[in-house]
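So the protein sequences, as listed, match chains L and G.
Number 1260 in the working numbering belongs to position 73 of the first sequence; there are no gaps in the numbering.
Number 239 in the working numbering belongs to position 4 of the second sequence; there are no gaps in the numbering.
Every residue, glycine too, gets a C-beta built ideally from N, C-alpha and C.
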Amino acid sequence: KNEVEQSPQNLTAQEGEFITINCSYSVGISALHWLQQHPGGGIVSLFMLSSGKKKHGRLIATINIQEKHSSLHITASHPRDSAVYICAVSVGADGLTFGKGTHLIIQP
Amino acid sequence: GAVVSQHPSWVICKSGTSVKIECRSLDFQATTMFWYRQFPKQSLMLMATSNEGSKATYEQGVEKDKFLINHASLTLSTLTVTSAHPEDSSFYICSVPTGTHFFNGYTFGSGTRLTVV
């Protein structure tokens, strides 16, 4: 069973700061997913990665398959980025195994 | 993009009653749907994999007779919590693998917050 560890668990930063959230996993995977969960519980898929790097707007996700490690970066952070960011892994199209999430608060 | 509709968003029920949660893929067919559960301050956990036209596959520790899953069509899966108890109070959310010609990640329903009193 894959163990997914995220750090930090909580992060408070000022608007404009560069944010990094880290994720590591224990067993080989097909893909790693970064998700965003809002206070009401709804979940949005941000990235699915199997190698390299992806960028969408101010969000950047990287993965190192050999190191079993991924990072999610947010540039020029904004209060609307405040949410829980969750790392999850999958094998094929099986169900996801999730990390505990990182509670991010961006203060104005 | 793919849309997954989940109802109800929240439900309060009395202990001993049953609650049905629906998960619908609105604009695509889904032979597989996943059901997850999230207790307060904990991570999401896979409960079961719902397969259209066949029995669901349950994760270890999830009682199949308590959490009934029906996937009778390519667009609808239902999760029924039978004889609900306060310890079943949780956030339940479904997700569907998406992608037209190849797997392209997952789309999530909006979730159901169940409170059993």
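- Residues 313 of the same chain have their beta carbon placed closer than 6 Å to that of residue 305 of chain G, with the five preceding and five following residues left out of the count.
- Residue 1207 of chain L and residue 1258 of chain L do touch by the CB rule: their CB atoms are close to 6 Å apart, below 8 Å.
- For secondary structure counted as the beta strand (DSSP E) over 3 or more consecutive residues, the stretch 269–312 of chain G holds these complete runs in sequence order: 280–286, 302–308.
- Residue environment for residue 1266 of chain L: exposed (fewer than 16 other C-beta atoms within 10 angstroms of its C-beta).
- Of the candidates L/1276, L/1262, L/1224, L/1252, the residue whose Cα lies closest to the Cα of residue 1201 of chain L is L/1262.
- Annotation for residue 318 of chain G: 251, 252, 253, 301 place their beta carbon closer than 8 Å to its own, counting only its chain and skipping 5 residues before and after.
- Ranking G/278, G/307, G/279 by CA distance to the CA of residue 291 of chain G puts G/307 first.
- In the three-state DSSP reduction, residue 1192 of chain L falls in the strand class (E or B).
- Closest in C-alpha terms to residue 1226 of chain L, from the list L/1272, L/1241, L/1215, comes L/1272.
- Per the C-alpha coordinates, the member of G/339, G/256, G/326 positioned closest to residue 348 of chain G is G/326.
- Taking 8 Å as the threshold, the shortest C-beta distance from residue 1220 of chain L to chain G falls below it.
- In the three-state reduction of the DSSP assignment, residue 259 of chain G falls in the strand class, which pools E and B.
- Between residue 1188 of chain L and the set L/1223, L/1290, L/1216, the nearest pair of CA atoms involves L/1216.
- At a cut-off of 8 Å between C-beta atoms, residue 313 of chain G does not count as an interface residue with respect to chain L.
- With a 10 Å radius around the Cβ and a threshold of 16 neighbouring Cβ atoms, residue 1203 of chain L comes out exposed.
- The DSSP-derived three-state label of residue 1245 of chain L is coil.
- Look at the stretch 1237–1267 of chain L: it has no residue with a C-beta under 9 Å from a C-beta of chain G.
- Using a Cβ-Cβ cut-off of 8 Å, residue 342 of chain G counts as an interface residue toward chain L, since at least one Cβ of chain L sits closer than that to its own.
- In chain order, 267, 269, 291, 292 place their CB closer than 7 Å to the CB of residue 284 of chain G, counting only its own chain and leaving out the 5 sequence neighbours on each side.
- Membership of residue 1265 of chain L in any beta strand (DSSP E) is not indicated, and neither H nor E is assigned to it by DSSP.
- Distance from the Cα of residue 237 of chain G is smallest, within the candidate group L/1269, L/1292, L/1193, L/1232, for L/1232.
- Neighbourhood of residue 346 of chain G in chain L, by CB distance below 7 Å: 1228, 1229, in chain order.
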